[in-house]
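Peer 1: Could you have a look at this structure, given as C-alpha cells, before my questions?
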Amino acid sequence: MTASTSVSVRRTVSLRAAGVSLVLDLSDDLLPAVVHWGADLGSLTTEDEAAALTYAGVNPVGLNQVDEPVRVAILPEGWTGWPGRPGLSGSRAGQAWSPRFRVTARTLDGSPVAAGLTEGGAGSVRVRAEDVASSLAVDLHVELLPAGILRTRAELSNLGADEYTLDALTLALPIPPVAREVLDFAGRWARERTPQRTDLGIGIHLRENRRGRTGADSAYLLHAGVPGFDFAGGEVWAVHTAWSGNHVHFAERVFSGEQILGGGELLLPGEIVLGAGDSYTSPWLYGAYGDGLDELAGRFHRHLRAREQHPSSPRPVTLNVWEAVYFDHSLPGLIELADRAAEIGVERYVLDDGWFGSRRDDTSGLGDWQVSAQVWPDGLGPLVDHVRDLGMQFGLWFEPEMVNVDSDIARAHPEWIMSADRDRLPVPSRNQQVLNLAIPACYDYIRDAMVAILREYDISYLKWDHNRDLVEAADRTGGRPVVHAQTVAFYRLVDELKETFPGLEIESCSSGGGRVDLEVIERTDRVWTSDCIDPHERQLMHRWTQQLLPPELMGAHIASGISHTTGRGHSLEYRASTAVFGHLGIEWDLRAAPADELAHLGAWVTFYKHWRGLLHTGDVVRLDTGDETLFGHGVVSRDRSRALFAIAAVERSMTSMYGRVRLRGLDARRRYRVRPVLPAGELAGMLPPSWWGTGAGDMAAHSAVSAERIAGGSGAVFSGQTLERVGVAHPAVFPDTTVLYEIEAVDSSGD
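Position in the sequence shown (from 1) plus 408 gives the number in the working numbering.
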C-alpha cells in the first residue's frame, strides 16, 4: 500500500526545535517518510491539517510510470517504484535483494506512536520493520535535536539462517524543487575544504570517498539550496555522513521531479556479511536546514557546544615543535624552545614526530612506540618535567595506525600489515603502510604501548596523526577488506584511552585536515585544520571548516615568516590575525625569532587570551562583502553585547577602495561603538577612513599606524541596523592584510 491509496491507520509525528519543523508520515505499515523538513510550520492544530499537509506533497501519477504515486521513505525502497538510488542493496547469493519492509513498532521518545497527530519538540522516533520473505529486519532511528538538526541511522539485522551480503545501506532526506544549486567541497593535502558549486540536474551528484579516512577531498557537507544562497540568506539544506572511513554523499533528482540528499558508509566488496542473528548499524546521517549558510552552520556549532564532552576550559595556547625542529630532537634545543614559549604565554607544549624507536627520519621506526634511548638516554622525563615546571601542559605525537616496513614491529609481525595479497604490499605512501587494528593482538600491542607512555609521563594531550590513505586495505592472511573494521577499532582505541586517562585531550590530525567529521569529533577535542599554516591559504580553509565545526575545535597556528608549505612570506599581523579565530597555537622556531617579533607575538597571545571567551562561545558570522578579494568574518556574543570582526584583503581588488563593509549579526535596535584594534602595535600599508577618529583621516598612505594612535581613537557609534544595512568604510590596504574591529554595545538590550 502506498501513500496514494486508502490509508487504514494514519499516523503523523510533528517535531519542532530551534526554528525547524520535522513532519514524519508513519501511516499503516510503511517505513517513515519525511513530509516536511525545514522552516518552522508552527503547531499543526488538527489531524486533518496534518493529513492535508501529507496529501499536498503526493504527486499525481505520471504517464507511462507506475500506477501509484511513488512514496520515498527515509530508507528508499525499490518495490515502491522509486527509480533512484535504493537505500538497501544486498542479497543472499542473488536472492532477497528487494525487500518490502512492514513496520511492526513505532515509538516517540520511548512511547508508542498512536494513530492521528502527535506533536512535540526535539525528540527521537524509532521504527522497527521486518520483511518475512527476505528474513531481514531494519530499525530506523530519526531524531530532531535541540539545535534543530535532524539525524538518522539504520540497523539491519539478518533473521535468516544463511548469510546476507550487504553492499550498501544509505539513508535519504527529501528536499524541495527550489533547491537546485549544490555546494560541497573539494581539496587536497594543504588545501582542504575548497568549495565548489554546481547545478542540480537530472541524475545523481555522487561523492564517493575510498581513502579509508574522511579525506582532504571529502564532500564534508553536501548542500542544496535556492540558487545564489550565501552566508546571509537563501534557503539551504545539507547532509553530513558522520563516519571516518569510506563513505558517500549524494544529491539526486529523478525524471519525475523528486529530489533527495543522502549518505552513508561506502562498503567494499564482501566487507559486511551478516551471519544468522548478526546486524550492521549505519553511520549517523546528519541533516541541517537554514536561511543562509551561517544559520545552517550555527546549528552544528550549537549542537556541538551543548555536548557534555565539549571542551569547556579555555583553549590553551599551544606550541607544536614540528616546523621548529622536525626530526632534530636535541634536549638543550627543545628546552630553549620551551623557555621562549613560556616567556610569551604559551600554555601547552607538544613534542612531535621523532621521539621513538629508530625514527630519525620518515623511513623507519614507525610503530615502535618506545622512547628512543639513542636520542633520549634519560627518557622524556627531563623535557616533560621542565615543561611542566614552566607551567605548561605537555603533549606528544603518535601515529598509532601506521607502520614503517623498516621497524621492529613490522619485522616481528608482517601479517599485521594490511594487504589484499599476502605476497606483496600496497604501494607505499610517505614510506609507510597500515597496521590492521582489527587483529586483536595488533590492537592490544598498540593500546598497551600508548598506555605505557601515558602512565610513565605527565601527558595532557595527544596529537593523533594518520598520514596515508588505506590502499588495498585488507586482512593480509585472508584478503578480506577491513576498512569498516579498522574504523571501528580506531574509535574503540580512542574511547579506551579516554576512559583510562580522564582529562586527556586528543587532536585528530590526518595529513592535516584529512580526518574531520562529526563522529571523530565525538571522541576528540579538536582537529588539525591543515598542514599548511600559510595564512593566505588558511583564510579560505578556516572560512569553510567552520561550516561544520566551531572555532574552538579548529587548530589554527601562527607559523614562521616564510611558510614551509608554500614558500610565501607574510607579516606577523596577518599570520596572527588569521590564527586567533581558532584554537590558537604556534609552529615556529622561537629560538631564532628577533626580540621585537617575540614581543609582538606575546602581544597577540595576550590578545587571544582576552578574546577567547567570546571567540569560543559566540556566533560565527561570515560576510558576503561583494568583493571576492575581501573576506570578512567575526564572532558575536550570544547576548549581542560585543563582537570581534576581521576584514582581510586576500588579493588585490579591481577597485582602489573597498567602500562600505556591512557587519551582520548584531541587534538592530542597539547602538554599538566600533573601533579598530591593533594588538601588536602597527599595521603598514593602510589608508584609514575618517570615522576611525583621532586624526585617522590625516594618516599618510603606506605609513605604520601605531597602536597608541588607534587606541586613542574613539571610533564611532552606529546602530546595529546601520551596521548591517549600510556598513562602514574600510581602509585601502595591501593584499594579505587584516583589520580587526572591536564592537561593544553602548546601551542596554533592545529586547
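Using N, Cα and C, we set each Cβ at its ideal position, and we do this for glycine too.
1) Assign Asn-617 to buried or exposed, taking buried as 16 or more other Cβ atoms, counted over all protein chains shown, within 10 Å of its Cβ.
2) Let me know if Thr-453 comes out buried or exposed under the rule of 16 or more other beta-carbons within 10 Å of its beta-carbon.
3) If I follow the unbroken beta strand (DSSP E) through Arg-1170, where does it start and stop?
4) Find the nearest neighbour of Ser-919 within the set Glu-600, Asp-475, His-444, Leu-574, judged by alpha-carbon distance.
5) Going straight from the alpha carbon of Thr-420 to that of Met-826, what length do you get?
6) Heavy atom of the ligand ADP less than 6 Å from the Cβ of Asp-1047, yes or no?
7) Hey, quick one: how far does the alpha helix (DSSP H) through Asp-856 stretch, first residue to last?
8) For Ala-1000, tell me which candidate among His-657, Leu-1074, Glu-744 has the shortest Cα-Cα distance.
9) Quick check on DSSP: helix, strand or coil for Thr-1146?
10) What number of angstroms, rounded off, separates the C-alpha of Arg-830 from the C-alpha of Ala-598?
11) Give the straight-line distance between the Cα atoms of Gly-495 and Leu-675, rounded to the nearest whole angstrom.
12) What separation, rounded to the nearest whole angstrom, lies between the Cα atoms of Ser-416 and Arg-561?
13) At 4 residues or longer, and completely inside the segment 1002-1030: list those alpha helix (DSSP H) runs for me, N to C.
14) Taking the alpha-carbon of His-711 as reference, which of Thr-1025, Asp-1035, Asp-575, Cys-917 has the nearest alpha-carbon?
15) Using only alpha-carbon positions, find the residue among Phe-764, Gly-799, Tyr-688 that is nearest to Trp-784.
16) Would you give the residue range spanned by the beta strand (DSSP E) that Asp-747 belongs to?
17) Helix or strand or just coil, what does DSSP make of Thr-689?
18) Assign Met-800 to one of three DSSP states: helix, strand, or coil.
19) Would you call the CB atoms of Trp-872 and Ile-914 closer than 7 Å?
20) Since His-648 sits in a beta bridge, which residues does DSSP pair it with?
21) For Pro-889, which three-state DSSP category applies?
22) Roughly how many angstroms lie between the CA atoms of Asp-786 and Gly-753, to the nearest whole one?
23) Quick check: the segment 631-647 against the segment 922-932, are at least 3 beta-carbon pairs closer than 8 Å?
24) Can you name, in chain order, every residue of its own chain whose Cβ lies under 8 Å from the Cβ of Ser-664, other than the five neighbours on each side?
25) If I measure Cβ to Cβ from Leu-1038 and keep anything under 8 Å in the same chain, skipping five residues before and after, which residues do I get?
26) Could you pull the DSSP bridge partners for Pro-520 from this structure?
27) Quick test of your reading: Ser-542 and Pro-507, contact by CB under 8 Å. State the CB separation rounded to the nearest angstrom.
28) Give the list of continuous beta strand (DSSP E) stretches no shorter than 3 residues that lie fully inside the segment 561-597.
29) In terms of residues, what are the limits of the beta strand (DSSP E) holding Leu-669?
30) Can you tell me whether Gln-840 is buried or exposed, with buried defined as 16 or more other CB within 10 angstroms of its CB?
31) May I have a chain-ordered list of the alpha helix (DSSP H) segments no shorter than 4 residues that lie completely inside the segment 772-830?
32) Indicate whether the contact test is met: 3 or more Cβ pairs, each with one atom in the segment 936-953 and one in the segment 997-1012, closer than 8 Å.
33) Buried or exposed: which applies to Thr-578, given that a residue is buried once 16 or more other Cβ atoms fall within 10 Å of its Cβ?
34) Roughly how many angstroms lie between the CA atoms of Ala-714 and Pro-1002, to the nearest whole one?
35) So for Met-949, helix, strand or coil by DSSP?
36) Checking 7 Å against the spacing of the C-beta atoms, do Gly-1040 and Leu-1031 come in under that value?
Peer 2: Answer, in terms of the structure:
1) The residue in question, Asn-617, is buried, as its Cβ has 16 or more Cβ neighbours within 10 Å.
2) By the neighbour-count rule (16 or more Cβ atoms within 10 Å), Thr-453 is not buried but exposed.
3) As shown, the chain starts at 409 and ends at 1159. That puts residue 1170 outside it, with no answer to give.
4) Among Glu-600, Asp-475, His-444, Leu-574, the Cα nearest to that of Ser-919 belongs to Glu-600.
5) Approximately 49 Å, taken between the alpha carbons.
6) In the structure shown, the ligand ADP is absent, as is every other ligand, since no ligand is present at all.
7) For Asp-856, the enclosing alpha helix (DSSP H) begins and ends at 848-864.
8) Measuring from the Cα of Ala-1000, the nearest candidate turns out to be Glu-744.
9) Of the three classes helix, strand and coil, the one that applies to Thr-1146 here is strand, per DSSP.
10) Distance between the alpha carbons of Arg-830 and Ala-598: 33 Å.
11) Distance between the alpha carbons of Gly-495 and Leu-675: 13 Å.
12) One Cα belongs to Ser-416, the other to Arg-561, and the distance between them is close to 28 Å.
13) For the alpha helix (DSSP H) assignment, the uninterrupted runs of no fewer than 4 residues enclosed by the segment 1002-1030 are, from N- to C-terminal side, 1003-1023.
14) In terms of CA proximity to His-711, Thr-1025 leads the group Thr-1025, Asp-1035, Asp-575, Cys-917.
15) Cα-wise, what sits closest to Trp-784 is Phe-764.
16) It is not in any beta strand (DSSP E) - Asp-747 instead sits in the alpha helix (DSSP H) that spans 739-751.
17) Strand, per DSSP.
18) In the structure shown, Met-800 falls within a coil segment according to DSSP collapsed to helix, strand and coil.
19) For Trp-872 and Ile-914, yes; Cβs fall inside 7 Å.
20) In the DSSP output, where bridge partners are listed per residue, His-648 has Tyr-694.
21) Looking at Pro-889 - three-state DSSP - the assignment turns out to be strand.
22) Distance from the CA atom of Asp-786 to the CA atom of Gly-753, rounded to whole angstroms, is 28 Å.
23) Cβ pair count under 8 Å is below three, so no.
24) Answer for Ser-664: Asn-467, Gly-470, Gln-473, Val-478, Pro-491, listed in chain order.
25) These residues qualify, in order along the chain: Ile-1055, Ala-1056, Ala-1057, Val-1058, Ser-1061, Tyr-1066, Val-1069, His-1138.
26) DSSP output for Pro-520 lists Thr-515 as bridge partner(s).
27) Contact between Ser-542 and Pro-507 holds, since their C-beta atoms are separated by about 4 Å, short of 8 Å.
28) With a minimum length of 3 residues, the continuous beta strand (DSSP E) runs that stay inside the segment 561-597 are 572-582, 589-594.
29) Start and end: 667-673.
30) Classification for Gln-840: buried.
31) At a cut-off of 4 residues, the continuous stretches assigned as alpha helix (DSSP H) that sit fully inside the segment 772-830 are 789-797, 816-820.
32) Contact between the segment 936-953 and the segment 997-1012 is absent: fewer than three C-beta pairs spanning the two stretches fall below 8 Å.
33) Buried: at least 16 other Cβ atoms inside 10 Å.
34) Cα to Cα, the separation comes out at about 43 Å.
35) In the structure shown, Met-949 falls within a helical segment according to DSSP collapsed to helix, strand and coil.
36) Cβ distance < 7 Å, so Gly-1040 and Leu-1031 count as in contact.
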